[in-house]
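First comes the structure, then the notes that go with it.
Given below as structure tokens:
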């Protein structure tokens with residue numbers, strides 16, 4: 006995907022910020038169910054970092 010320098014950059018940035026916590030949560034659940042400790046610990050760290058950033062972005066939009 007080629008990303009330009011117009012509004013599509015903001016759209017791709019917004020989508021990536023929204024998808025990161027969702028994918029991290031899925032990886033946490035998958036790692037916990039399959040007992041892959043390193044996977045769910047690493048995904049938990051990613052979720053702990055990205056979820057507050059996503060929440061701040063949503064609150065700033067209100």
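In the numbering used here, the protein residues as written are 6 to 67. C-beta atoms are modelled at their ideal positions from N, C-alpha and C, and glycine is treated no differently.
* 8 Å contact criterion, which residue 58 and residue 22 should meet: CB distance rounded -> About 7 Å; that satisfies the 8 Å criterion.
* **Own chain residues within Cβ distance below 6 Å of residue 56, not counting five before or after** => Spatial neighbours of residue 56 in its own chain (CB-CB distance under 6 Å, excluding positions within 5 residues in sequence) are listed in chain order as 26.
* Using alpha carbons as the reference points, say which of 64, 47, 16 and 12 lies closest to residue 28. => Of the listed residues, the one whose Cα sits closest to residue 28 is 47.
* What first and last residue would you give for the alpha helix (DSSP H) that runs through residue 42? -> Where residue 42 is concerned, the enclosing alpha helix (DSSP H) starts and stops at 42-66.
* According to the Cβ coordinates, are residue 52 and residue 24 closer than 9 Å? -> In this structure, residue 24 does not lie closer than 9 Å to residue 52 by Cβ.
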